[in-house]
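Accompanying notes for the structure given below.
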Amino acid sequence: MGGLSIWHWLVVGIVVMLLFGKGRFSDLMGDVAKGIKSFKKGMAEDEDIPPARPASRIEGQAAPVDGAASSVRDEQKQG
Numbered sequence: 001m002g003g004l005s006i007w008h009w010l011v012v013g014i015v016v017m018l019l020f021g022k023g024r025f026s027d028l029m030g031d032v033a034k035g036i037k038s039f040k041k042g043m044a045e046d047e048d049i050p051p052a053r054p055a056s057r058i059e060g061q062a063a064p065v066d067g068a069a070s071s072v073r074d075e076q077k078q079g
């Protein structure tokens, strides 16, 4: 029961042809082909985009410390 034989696929094909007809089925396949071509073209255009510039400052990197902040910490430790 789980296997699909050639007869099952033949019946499915005949039902599809009866429902859609020759013209509708070929139009449907043409639309699918256009969609695939459009997708491939879009993927090719994505490869042409230059890579983004690297960040000038790495996230998580400490900002430079000025002398005033260091002297305040030294005064707090002493006092």
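Position 5 (the sequence shown) corresponds to 5 in UniProt numbering; numbering is contiguous. Glycine is no exception: its CB is placed at the ideal position from the N, C-alpha and C atoms.
For S26, does the three-state DSSP call read helix, strand or coil?
helix
Specify the secondary structure class of G13 as computed by DSSP and reduced to three states.
helix
Kindly give me the distance between the Cβ atoms of L28 and F39, rounded to whole angstroms, as I take these residues to be in contact under 8 Å.
About 17 Å separates the two Cβ atoms, so there is no contact after all.
When you compare only the Cα positions, how much space is there between residue 82 and F25?
As displayed, the chain neither begins before 1 nor continues past 79, which places residue 82 out of reach and without an answer.
Whole angstroms are fine: how far does the CA of K22 sit from the CA of V15?
Whole-angstrom Cα-Cα distance: 12 Å.
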